[in-house]
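Q: One structure is given below, represented as structure tokens, and several questions about it will come after.
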Amino acid sequence: MAEKTIGILTGGGDCPGLNAVIRAVVRKGITAYRYRFRGILKGWKGMMECDWEPLGLEEISGILPKGGTILGTSRTNPFKEEDGGEIVVDNMRRMKLDALVAIGGEDTLGVANKLASMSVPIVGVPKTIDNDLNGTDYTFGFDTAVNIVTEAIDRIHTTAESHNRVMVIEVMGRHSGWIALHAGLAGGADMILIPEQKYTIQEIVSTIRKRHERGKDFSIVVVAEGAQLVSELVAHAVEEGTSYETRVTVLGHLQRGGTPTAFDRVLGTRFGIAAIDLVHAGDFGKMVSLQGNEIVAIPLAEAVNQLKLVDQELYDLATVFFG
Numbered sequence: 001m002a003e004k005t006i007g008i009l010t011g012g013g014d015c016p017g018l019n020a021v022i023r024a025v026v027r028k029g030i031t032a033y034r035y036r037f038r039g040i041l042k043g044w045k046g047m048m049e050c051d052w053e054p055l056g057l058e059e060i061s062g063i064l065p066k067g068g069t070i071l072g073t074s075r076t077n078p079f080k081e082e083d084g085g086e087i088v089v090d091n092m093r094r095m096k097l098d099a100l101v102a103i104g105g106e107d108t109l110g111v112a113n114k115l116a117s118m119s120v121p122i123v124g125v126p127k128t129i130d131n132d133l134n135g136t137d138y139t140f141g142f143d144t145a146v147n148i149v150t151e152a153i154d155r156i157h158t159t160a161e162s163h164n165r166v167m168v169i170e171v172m173g174r175h176s177g178w179i180a181l182h183a184g185l186a187g188g189a190d191m192i193l194i195p196e197q198k199y200t201i202q203e204i205v206s207t208i209r210k211r212h213e214r215g216k217d218f219s220i221v222v223v224a225e226g227a228q229l230v231s232e233l234v235a236h237a238v239e240e241g242t243s244y245e246t247r248v249t250v251l252g253h254l255q256r257g258g259t260p261t262a263f264d265r266v267l268g269t270r271f272g273i274a275a276i277d278l279v280h281a282g283d284f285g286k287m288v289s290l291q292g293n294e295i296v297a298i299p300l301a302e303a304v305n306q307l308k309l310v311d312q313e314l315y316d317l318a319t320v321f322f323g
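Heads up: the sequence shown is residues 1 to 323, going by UniProt numbering.
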């Protein structure tokens with residue numbers, strides 16, 4: 001039987017743990033199934049342009065602890081370009097690919113889902129630091145981001161306490177507040193603002209004022225970037241409404257860089273092994289996911305049909321510590 005050739009791509013924002021997935025897919029694919037691999041460069045852009053390089057055991061050596069992706073990435077979406085889907089299908093033939101493993105978030109896997117409906121043999125792996133992909137309890141990269149933000153909150157705490165300030169910390173999360181909520185809880189934030197909840201300026205000012213009235217002369221407010229009230233507005237309103245000196249820290253891309261945590265390395269590895277097993281079984285149009293402590297396969301369509309938002313119960317738990 002002729003060796004099969006499998007393509008791997010990483011799309012969307014970079015994320016700690018991507019290289020762990022690549023390493024696992026290639027390692028098991030070569031040693032267990034005798035597959036050849038082609039690394040598609042810069043995500044779907046590479047599929048549109050037939051831009052690839054060989055991936056073997058030498059290329060994946062030493063990449064486990066590295067952040068980012070050795071394949072590069074982009075936010076290219078073939079279906080936003082004329083005949084983009086057909087171009088990808090044609091280029092799979094040109095690159096002699098028997099199957100494709102797509103590692104990415106909602107947009108990358110949305111493309112994978114559309115290609116699957118065109119009978120492209122494809123398997124998805126969920127990646128987003130925001131943890132808002134449906135059908136999986138956690139995505140790799142989330143744990144690393146939460147740890148980075150928690151450490152930042154811990155550091156900012158000392159400045160807030162020393163200078164008697166209100167510190168507003170903006171974190172990633174355009175559509176959901178998973179990072180803000182988990183890191184805010186872990187870092188002892190005095191208020192957490194997320195996209196899933198509605199707030200008024202008066203509520204925020206009142207919460208901070210009550211905290212100060214009971215003898216606390218500093219506060220930490222964590223704001224997800226997609227929250228109804230943006231961090232600069234919150235800071236200005238708090239300072240105006242309370243007369244407490246207020247500062248804003250935007251953590252930005254700091255959250256998605258650097259080496260992955262042990263949890264994300266292990267989860268990425270488990271996802272990669274499961275993905276190449278799906279390829280070997282010919283079980284395409286699926287995404288690997290974590291449910292409980294089990295890695296299972298779900299339809300790509302289920303993963304991208306809606307965003308996974310923060311549970312109200314978990315948010316209610318966090319509000320116990322507000323103010």
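C-beta atoms are modelled at their ideal positions from N, C-alpha and C, and glycine is treated no differently. Note that the coordinates shown come from a computational prediction; the quantities given were computed from them, not determined experimentally.
Which whole-angstrom value describes the C-beta separation of residue 85 and residue 42, a residue pair presumed to lie in contact below a C-beta threshold of 8 Å?
A: Taking the sequence shown and counting its residues from 1, the one referred to as residue 85 is at position 85. Taking the sequence shown and counting its residues from 1, the one referred to as residue 42 is at position 42. In fact, because the Cβ distance is near 18 Å, the residues do not count as touching under 8 Å.
Q: What residue range does the beta strand (DSSP E) around residue 193 cover?
A: Locating residue 193 in the sequence shown gives position 193, where the first residue counts as 1. It spans 191 to 193 - the beta strand (DSSP E) in which residue 193 sits, taken as one unbroken run.
Q: By alpha-carbon positions, which one of 49, 57 and 232 ends up nearest to residue 28?
A: On the sequence shown, residue 28 is found 28 positions in, with the first residue counted as 1. Checked all of 49, 57 and 232; the closest Cα to residue 28 is 57.
Q: Helix, strand or coil, according to DSSP, for residue 230 in the structure here?
A: Position 230 of the sequence shown, counted from the first residue, corresponds to residue 230. Looking at residue 230 - three-state DSSP - the assignment turns out to be coil, as it is neither helix nor strand.
Q: Short of 7 Å in beta carbon distance, which residues of its chain neighbour residue 232, apart from the five on each side in sequence? Order them along the chain.
A: Residue numbering aside, residue 232 sits at position 232 when the sequence shown is read from its first letter. Once the five neighbours on either side are set aside, the close Cβ partners of residue 232 are 248.
Q: Tell me the residue span of the alpha helix (DSSP H) that contains residue 271.
A: Taking the first residue of the sequence shown as 1, we reach residue 271 at position 271. 262 to 281 is the extent of the alpha helix (DSSP H) around residue 271.
Q: Rounded to a whole number of angstroms, what is the C-alpha to C-alpha distance between residue 301 and residue 14?
A: Locating residue 301 in the sequence shown gives position 301, where the first residue counts as 1. Locating residue 14 in the sequence shown gives position 14, where the first residue counts as 1. Approximately 23 Å, taken between the alpha carbons.
Q: Could you work out which residue in 7, 81, 225 and 70 is closest to residue 120 when comparing CA atoms only?
A: Walking along the sequence shown from the start, residue 120 turns up at place 120. Nearest C-alpha to residue 120: 7.
Q: Keeping to the same chain, check which residues put their C-beta closer than 7 Å to that of residue 53; ignore five residues upstream and five downstream.
A: Taking the first residue of the sequence shown as 1, we reach residue 53 at position 53. Closer than 7 Å at Cβ, skipping near neighbours: 39 and 41.
Q: For the beta strand (DSSP E) containing residue 290, list its first residue and its last residue.
A: If you number the sequence shown from 1, residue 290 lands on position 290. Residues 286 to 291.
Q: Using the three-state DSSP reduction, which class does residue 118 fall into: helix, strand or coil?
A: Here the question's residue 118 lines up with position 118 in the sequence shown. Correct three-state label for residue 118: coil.
Q: Could you give the C-beta distance for residue 169 and residue 156, rounded to a whole number, given that I count them as a contact under 8 Å?
A: Start at 1 with the first residue of the sequence shown, and residue 169 comes out as number 169. Start at 1 with the first residue of the sequence shown, and residue 156 comes out as number 156. Yes, residue 169 and residue 156 are in contact; Cβ-Cβ is about 6 Å, under 8 Å.
Q: Scan the segment 54 to 128 and note each continuous alpha helix (DSSP H) run of 4 residues or more that stays entirely inside, going in chain order.
A: As far as the segment 54 to 128 is concerned, its whole alpha helix (DSSP H) runs of at least 4 residues are 57 to 60, 84 to 94 and 106 to 117.
Q: In whole angstroms, give me the CA-to-CA distance for residue 46 and residue 102.
A: To locate residue 46, count along the sequence shown from 1; it is residue 46. To locate residue 102, count along the sequence shown from 1; it is residue 102. Spanning the two alpha carbons is a distance of roughly 12 Å.
Q: Residue 287: which of 162, 175 and 297 sits nearest, CA to CA?
A: Taking the sequence shown and counting its residues from 1, the one referred to as residue 287 is at position 287. Among 162, 175 and 297, the Cα nearest to that of residue 287 belongs to 297.
Q: Got a sec, what are the start and stop residues for the beta strand (DSSP E) residue 332 sits in?
A: Outside the displayed span of the chain (1 to 323) sits residue 332, for which this structure offers no information.
Q: Could you check which residue in 140, 96 and 97 has the C-alpha nearest to that of residue 267?
A: As a working mapping, residue 267 is identified with position 267 in the sequence shown. Cα-wise, what sits closest to residue 267 is 140.
Q: Do residue 176 and residue 130 count as a contact pair if the criterion is CB distance below 9 Å?
A: By one-based count along the sequence shown, residue 130 stands at place 130. By one-based count along the sequence shown, residue 176 stands at place 176. Cβ distance < 9 Å, so residue 130 and residue 176 count as in contact.
Q: Indicate whether residue 193 and residue 228 have their beta-carbon atoms separated by less than 9 Å.
A: For the purposes of this step, residue 193 is identified with residue 193 of the sequence shown, where counting begins at 1. For the purposes of this step, residue 228 is identified with residue 228 of the sequence shown, where counting begins at 1. Yes, the Cβ-Cβ distance between residue 193 and residue 228 is below 9 Å.
Q: For residue 223, report the span of its beta strand (DSSP E) as first-last.
A: Taking the sequence shown and counting its residues from 1, one reaches residue 223 at position 223. Segment 219 to 224, the beta strand (DSSP E) holding residue 223.
Q: Could you tell me the alpha carbon to alpha carbon distance between residue 63 and residue 183, rounded to whole angstroms?
A: Translated into positions along the sequence shown, residue 63 becomes position 63. Translated into positions along the sequence shown, residue 183 becomes position 183. Residue 63 and residue 183: Cα-Cα distance of roughly 27 Å.
Q: Looking only at its chain, what residues have a beta carbon closer than 6 Å to the beta carbon of residue 309, apart from the 5 residues adjacent to it on each side?
A: Stepping through the sequence shown from its first residue, residue 309 is reached at position 309. The answer, listed in chain order, is 176 and 196.
Q: With distance defined between alpha-carbon atoms, name the residue in 31, 65 and 163 nearest to residue 258.
A: Against the sequence shown, residue 258 aligns to sequence position 258. It is 65.
Q: Using only the alpha-carbon positions, how far apart do residue 185 and residue 105 sit?
A: For the purposes of this step, residue 185 is taken as the residue at position 185 of the sequence shown. For the purposes of this step, residue 105 is taken as the residue at position 105 of the sequence shown. Those two C-alpha atoms are separated by around 25 Å.
Q: Going by DSSP in three states, residue 307 sits in which element: helix, strand or coil?
A: Here residue 307 refers to the residue found at position 307 of the sequence shown. Three-state result, residue 307: strand.
Q: Residues in its own chain within less than 7 Å of residue 133 by CB, not counting five upstream and five downstream?
A: As a working note, residue 133 is residue 133 in the sequence shown. Cβ within range, chain order: 105, 106, 126, 139, 303 and 308.
Q: Which same chain residues, not among the five before or five after residue 235, have their C-beta less than 6 Å away from its C-beta?
A: Position 235 of the sequence shown holds residue 235. Excluding sequence neighbours, residue 235 sits near 168, 246 and 248.
Q: Could you give the C-beta distance for residue 37 and residue 26, rounded to a whole number, given that I count them as a contact under 8 Å?
A: Against the sequence shown, residue 37 aligns to sequence position 37. Against the sequence shown, residue 26 aligns to sequence position 26. Confirmed, Cβ separation roughly 5 Å.
Q: Taking the alpha carbon of residue 162 as the reference point, which residue from 220, 117 and 224 has its own alpha carbon closest?
A: Position 162 of the sequence shown, counted from the first residue, corresponds to residue 162. Measuring from the Cα of residue 162, the nearest candidate turns out to be 220.
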